[in-house]
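S.K.: Below is the structure I would like to discuss, written out as structure tokens.
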Amino acid sequence: MDMWAGSVGLAAKLPLWFLLIVSATTGSVRAKIHHQKWEVAYQFKSPDCFKKLAITINGRTPGPTIVAEQGDTVVIDVKNALFTENLAIHWHGIRQIGTPWFDGTEGVTQCPVVPRDTFTYRFVVDRPGTYMYHAHYEMQRSAGLYGLIRVLPPTGVVEPFIYDYDRSIILNDWWHQSTYEQAVGLNSKNFTWVGEPQSLLINGRGKFNCSKAESGVRNATGGECSPYVLTVIPAKIYRLRIASIASLSALNFEIEGHNLTIVEADGHYVKPFVVKNLNIYSGETYSVLLKADQDPSRNYWAAVNVHDQRMGLQEDHELVDPWDTKKLETPLPFLYKFVRLEHRSFTSTLTDPPTSGDSRALSEPEGRLNFLVEDMDSWPGGVGLAAKLPLLFLFIVCAITGSVRAKIHYQKWEVAYQFKSPDCFKKLAITINGRTPGPTIIAEQGDTVVIDVENALLTENLAIHWHGIRQIGTPWFDGTEGVTQCPVVPGDTFTYRFVVDRPGTYMYHAHYEMQRSAGLYGLIRVLPPAGVVEPFIYDHDRSIILNDWWHQSTYEQAVGLNSKNFTWVGEPQSLLINGRGKFDCSKAGSGVCNATNPECSPYVLTVVPGKTYRLRIASIASLSALNFEVEGHNLTIVEADGHYVEPFVVKNLNIYSGETYSVLLKAEQDPSRNYWAAVNVVSRKPNTATGTAILNYHPNHPRRLPPTIPPTGPLWNDTKYRFDQSVAIRSHPDYIQSPPMSSDRMIVLLNTQNFIDGYVKWAINNVSLNLPHTPYLIALKERMLYAFDQKQAPETYDYKNYNIYEVQKNQNATTSTSIYRLVFNSTVDVILQNPNMMQNNTSETHPWHLHGHDFWVLGYGMGKFDPETDPKRYNLVDPIMKNTVALHPYGWTALRFQANNPGVWAFHCHIESHFFMGMGVVFEEGVDKLGKLPTAITGCGDSKNLKP
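Numbering (mature numbering (1 follows the signal peptide of the UniProt record, and there is no 0)) for the sequence shown: -31 to -1, 1 to 917.
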């Protein structure tokens, strides 16, 4: 009934001289090599009927049982597919004689295995017995990364006890919280204990009382949580190898009506003794013998119970009859089944478990700005006076500013998970120095920004992109994992150092898988040099960060997107203004939503009647196109992505993810009341409530709600309204940077949604971007051309025959790491074309962001771009320059840029899930002109082998 030898009764009776011969010859038998390939990834599992993310090996938890003989070599290729999370695996009980580096203990014997890397463990199993393996990196073991190791004696060598069949029992405790939630609670000054487990598992199966869970995450009839069944034959003896991989609980294991004879402990033979039940502690293994000698006409329970007190942190457990299932908090999960022996071959029904620095910046993101004086920011914002200075004084200012030395702005950031309730719903968020949004960076043009980023994310890597900062001369600090740098591993501190070379409004955010959605973002304000006057007048300077917010973790979202059982992220639960929103807590489970939490009180912007305010508005949304409006007030657009705009007035502002605008607002309405500021979803059918803030006219109370209903914005599907606003944005007449009149190259990029190998992907010209493990910048500079696909990325698509209004099969779609190689200093046109998706009559808005450059927006159009006629309609007179631009449904957008910034630069849809699913390309230009790369950006993929 097992594929390995288990019946030793006959061997035990062999003559002594034969055993001596066997013993003498076993040394000459060549040891075997057991080679397995494992992919470690998160998947949704329901081991106790409650659906949650678990770490799996080849899609399973527990992982495969390793079976080998004494002296054999085990080789395990472990591919880390955990998105952003590192791992290490310990081979518990294997002594690693001569191979201590393969013990698998992160921080002791090895560095962790980073995502997309494959690490090979190779070791000899030198002693028979029962062992285990499990994650040994922070608290990952609790997430399901574990399994059993059986080491058998050499063939013919007899163990000191007799049995017929060999079976494995893995005991574990199981929580519904993620290990990140547990770790953050343990590592917080507001200490939160993990509590008792929700379930106890036997071979990865248990049973939670689903009536205690919210709908949608429970399924009491699911096959994954049906009880483990061990089928036995009457009168046969079974060796049960029992391992506890519990994360907390001391356990007691018992089989109804049967005694257990303990014969092995942790790989050592024990003087046999009989027990009614077995006390087993985490990390222990035992072999017990069980004889199927009870009434064979019925089945029997096997049960695992917690048997100690949790260090005074919990109340004592009630002592109950282990067979009284009505009283058990953790139901009996293990069905022990007898069958009658028949005169035929028999197979068991189930075998083993599946084989800051600047204080000014620190004040910015707070939700309430209740200053009662005109100077309402602690940084320079009022330029009204400067605009009126005599011309002679301005000449003097301009003459001396060149002699002022640029400053260095230095901040220290600790990036960590913390529990936050930005919309009243409590969940984990990635914070900077305990806050999200993070601190606003404020500097003047020409200053240097230095940020020491300490990664305190426990097991998760990170990278931070400085969105809109061109990184001229410092492409390695662009912060794009897989393109310009290796990720920053937990415990490390990485220093970003760059010059802010142009005034304007920018942002920073995570640029590693989907971490941006978890809260790692903030604003960058670059001011003109002191005395330099901007082409508009205002009294005070304020920032508005718009974002969408989900209650699912980014890991849950990523697993759904990356599964053949594709699950879309859905519409956001809330819209946030400066990190604050309001979710309807009646829709949430108890204990996770608190409508009175001050973290979700509305952001308040206090204004003084008659004054003009510059609002720097940034969208760091992960999905939603947004519309921002201040009730009863017009907005004058004056800046877009760091470039001055010919001013024009709007009732509300359409803003897409990755864009920034400056608008002027004059506090000229009835000062006896407050007004709503509102953000709404456009371009997608909204299923998210309006996000609100309060425009507070001094001296009204800042929490006094407006007497009206918040604005609902334009119709969500009014594409023409949004299209016309995009077209209206042109360069300020005094700040026009004329584009080259022609280009050297035209690249036409068709956005398509595809099925590739059973997965839903986004692709460009039918190629879905897959970032390499060795970042492009490193691979190109160090001539590691084998690190990514050398085939040229497709330049265009069959635009003459492609119908953009119909669902296309796109059967030749593929994934690739290929890139576009641009001639240095050449002028490049990029045409973005938006067709139908895989759903009929559906085309979405895609905001596209280019790293390392600004581009001229030459034109927009509806329908299919015609490369012969549409370029004649380009605006070559006063086009606005931007770094992020919208591609409207069933439309096209034409861009032009100069490839004059040596480096490797991503160009991608700024919707987080779309880029995650492959919607992007990569441009290379002038890498040969760069000097030596900083060693700090290396350490992943083939760059691990580079010499300093």
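Just so it is clear, CB atoms sit at the ideal spot from N, CA and C, and this is done for glycine as well.
#1: Pick helix, strand or coil for Thr462, following the three-state DSSP scheme.
#2: So what does DSSP say about Tyr644, is it helix, strand or coil?
#3: CA-CA distance, His602 and Thr462?
#4: Do you know offhand how far Pro858's Cα is from Glu107's?
#5: Spatial neighbours of Pro291 within its chain, please: CB distance less than 7 Å, with the 5 preceding and 5 following residues excluded, ordered by chain position.
#6: Evaluate contact between the region 469 to 478 and the region 432 to 443, counting only Cβ atoms and requiring at least three cross-stretch pairs below 8 Å.
#7: Compute the Euclidean distance between the alpha carbons of Asp823 and Ser390, then round it to the nearest angstrom.
#8: DSSP puts Trp7 in a beta bridge; with which residues?
#9: Please tell me whether, using a cut-off of 8 Å, the distance from the CB of Val384 to the nearest non-hydrogen atom of the ligand NAP is below it.
#10: When the distance is taken between beta carbons, is Ile546 closer than 9 Å to Ile506?
#11: So, does the region 776 to 794 touch the region 734 to 751, judging by three or more C-beta pairs under 8 Å?
#12: Got a sec? Which residues, its chain only, sit under 8 Å from Asn914 by beta carbon, not counting five neighbours each side?
#13: If we call anything under 9 Å between Cβ atoms a contact, is Ala37 one with Ile118?
#14: Here's a check: name, in chain order, each residue in its chain whose Cβ is nearer than 6 Å to the Cβ of Pro804, leaving out the five neighbours to either side.
#15: So what does His436 bridge to, in DSSP terms?
#16: For the beta strand (DSSP E) containing Thr677, list its first residue and its last residue.
#17: Around the Cβ of Arg752, are there at least 16 other Cβ atoms within 10 angstroms (buried) or fewer (exposed)?
#18: May I ask you to report which of helix, strand or coil DSSP gives Asn735?
#19: Just curious, the alpha helix (DSSP H) that Ala152 is in, first and last residue?
#20: Go ahead and pull the three-state DSSP assignment for Arg309.
#21: Would you call the CB atoms of Leu229 and Leu217 closer than 9 Å?
#22: Is the beta carbon of Thr581 sitting closer than 9 Å to the one on Leu622?
#23: Which residues does DSSP list as the beta-bridge partners of Tyr90?
#24: By the three-class DSSP mapping on this structure, what secondary structure does Phe535 have?
#25: Out of curiosity, what's the CA-to-CA distance linking Lys901 and Asp713?
#26: State the beta-bridge partners of Ser168 as determined by DSSP.
#27: Under 6 Å Cβ to Cβ from Trp825, same chain only, skipping five residues before and after it: list those, please.
#28: Among residues of its own chain, excluding the 5 on either side of Asp262, which ones have a beta-carbon nearer than 7 Å to its beta-carbon?
#29: Just to confirm, are Ser532 and Phe52 a CB contact at a threshold of 9 Å?
#30: Could you check which residue in Gln5, Ile399, Pro408, Glu628 has the C-alpha nearest to that of Ser522?
#31: What would DSSP say about Tyr859, mapped onto helix, strand or coil?
#32: Leaving out five residues before and five after Thr907 in sequence, what residues of the same chain have Cβ atoms less than 8 Å from its Cβ?
#33: I'd like to check one pair, Ser631 with Arg672: are the Cβ atoms closer than 9 Å?
#34: As a quick exercise: from Gly550, Leu574, Tyr572, pick the residue whose alpha carbon is nearest that of Asn563.
#35: Does the beta-carbon of Tyr465 have 16 or more other beta-carbons within 10 angstroms, so that it is buried, or is it exposed?
#36: Could you have a look at Tyr829 and say whether DSSP puts it in helix, strand or coil?
M.R.: In brief:
#1: The residue you call residue 462 lines up with position 493 of the sequence shown. Three-state result, Thr462: strand.
#2: Along the sequence shown, one-based indexing puts residue 644 at 675. Strand at Tyr644.
#3: Locating residue 602 in the sequence shown gives position 633, where the first residue counts as 1. Locating residue 462 in the sequence shown gives position 493, where the first residue counts as 1. Roughly 45 Å between the two C-alpha positions.
#4: As a first step, residue 858 is located in the sequence shown; it is residue number 889 there, counting from the start. As a first step, residue 107 is located in the sequence shown; it is residue number 138 there, counting from the start. If I take the Cα positions, the gap works out to 45 Å.
#5: Translated into the one-based positions of the sequence shown, residue 291 becomes position 322. Caution is warranted here: a pLDDT of 32 is assigned to Pro291, below 50, making its placement in the model unreliable, and the coordinate value is therefore given only provisionally. These residues qualify, in order along the chain: Glu223, Ala272, Asn274.
#6: The answer is yes - the region 432 to 443 touches the region 469 to 478, with three or more Cβ pairs under 8 Å.
#7: As a working mapping, residue 823 is identified with position 854 in the sequence shown. As a working mapping, residue 390 is identified with position 421 in the sequence shown. If I take the Cα positions, the gap works out to 36 Å.
#8: Position 38 of the sequence shown holds residue 7. Among the bridge pairs identified by DSSP, Trp7 is matched with Val47.
#9: The ligand NAP is not part of the structure shown, which contains no ligands of any sort.
#10: Reading the sequence shown from its first residue, position 537 is the one you call residue 506. Reading the sequence shown from its first residue, position 577 is the one you call residue 546. Going by C-beta atoms, Ile506 is not nearer than 9 Å to Ile546.
#11: Counting Cβ pairs under 8 Å, three or more are found: they touch.
#12: In the sequence shown, the residue the question calls residue 914 occupies position 945. Close CB contacts of Asn914 within its chain, under the 8 Å cut and outside five residues either way in sequence, are absent.
#13: For the purposes of this step, residue 37 is taken as the residue at position 68 of the sequence shown. For the purposes of this step, residue 118 is taken as the residue at position 149 of the sequence shown. In this structure, Ile118 lies closer than 9 Å to Ala37 by Cβ.
#14: Counted from its first residue, the sequence shown places residue 804 at position 835. Closer than 6 Å at the Cβ level, and outside the excluded window around Pro804, lie Ile773.
#15: Reading the sequence shown from its first residue, position 467 is the one you call residue 436. His436 pairs with Met476.
#16: In the sequence shown, counting from the first residue as 1, residue 677 sits at position 708. For Thr677, there is no enclosing beta strand (DSSP E), as DSSP marks it with neither H nor E.
#17: Working through the sequence shown from its first residue, we reach residue 752 at position 783. Flag for Arg752 reads exposed.
#18: Residue mapping note: residue 735 aligns to position 766 of the sequence shown, counting from 1. In the three-state DSSP reduction, Asn735 falls in the coil class, being neither helix nor strand.
#19: Indexing the sequence shown from 1 puts residue 152 at position 183. In the DSSP assignment, Ala152 falls within the alpha helix (DSSP H) that extends over 148 to 155.
#20: Position 340 of the sequence shown, counting from 1, holds the residue named residue 309. For Arg309, the predicted model reports a pLDDT of 27, less than 50, meaning its position is unreliable; a value from the coordinates is still stated below. Coil at Arg309, not helix or strand.
#21: Counting from 1 along the sequence shown, the entry for residue 229 is found at position 260. Counting from 1 along the sequence shown, the entry for residue 217 is found at position 248. It is not a contact, given that the beta carbons lie outside the stated cut-off.
#22: In the sequence shown, residue 581 corresponds to position 612, counting from 1. In the sequence shown, residue 622 corresponds to position 653, counting from 1. Taking 9 Å as the cut-off, the Cβ atoms of Thr581 and Leu622 do not count as close.
#23: If you number the sequence shown from 1, residue 90 lands on position 121. For Tyr90, the pairing in a beta bridge is given by DSSP as Ile45.
#24: Taking the first residue of the sequence shown as position 1, residue 535 is located at position 566. Phe535: coil per DSSP, three-state reduction.
#25: As a working mapping, residue 901 is identified with position 932 in the sequence shown. As a working mapping, residue 713 is identified with position 744 in the sequence shown. Annotation: Lys901 to Asp713 spans about 30 Å, alpha carbon to alpha carbon.
#26: Residue numbering aside, residue 168 sits at position 199 when the sequence shown is read from its first letter. Answer is Trp143.
#27: The sequence position of residue 825 within the sequence shown is 856, counting from 1. The residues are Pro708, Pro848, Met850, Arg865.
#28: Within the sequence shown, the letter at position 293 stands for residue 262. Shown here for Asp262: same chain residues with a beta carbon closer than 7 Å to its own, the five before and five after excluded, namely Ala204 in chain order.
#29: The count along the sequence shown starts at 1 and reaches residue 532 at position 563. The count along the sequence shown starts at 1 and reaches residue 52 at position 83. Going by C-beta atoms, Ser532 is not nearer than 9 Å to Phe52.
#30: Within the sequence shown, the letter at position 553 stands for residue 522. That would be Ile399, whose Cα lies nearest to the Cα of Ser522.
#31: In the sequence shown, residue 859 corresponds to position 890, counting from 1. When DSSP states are grouped into helix, strand and coil, Tyr859 belongs to the coil group.
#32: Residue numbering aside, residue 907 sits at position 938 when the sequence shown is read from its first letter. Counting only Cβ-Cβ distances below 8 Å, and skipping sequence neighbours, we find Cys455, Ile747, Lys913, Leu915.
#33: Counting from 1 along the sequence shown, the entry for residue 672 is found at position 703. Counting from 1 along the sequence shown, the entry for residue 631 is found at position 662. With contacts defined by Cβ atoms closer than 9 Å, Arg672 and Ser631 do not form a contacting pair.
#34: Along the sequence shown, one-based indexing puts residue 563 at 594. Comparing Cα-Cα distances from Asn563 to each of Gly550, Leu574, Tyr572, the minimum goes to Gly550.
#35: As a working mapping, residue 465 is identified with position 496 in the sequence shown. Buried, by the Cβ-count rule.
#36: For this step, residue 829 is matched to residue 860 along the sequence shown. Residue state, collapsed to three classes: strand.
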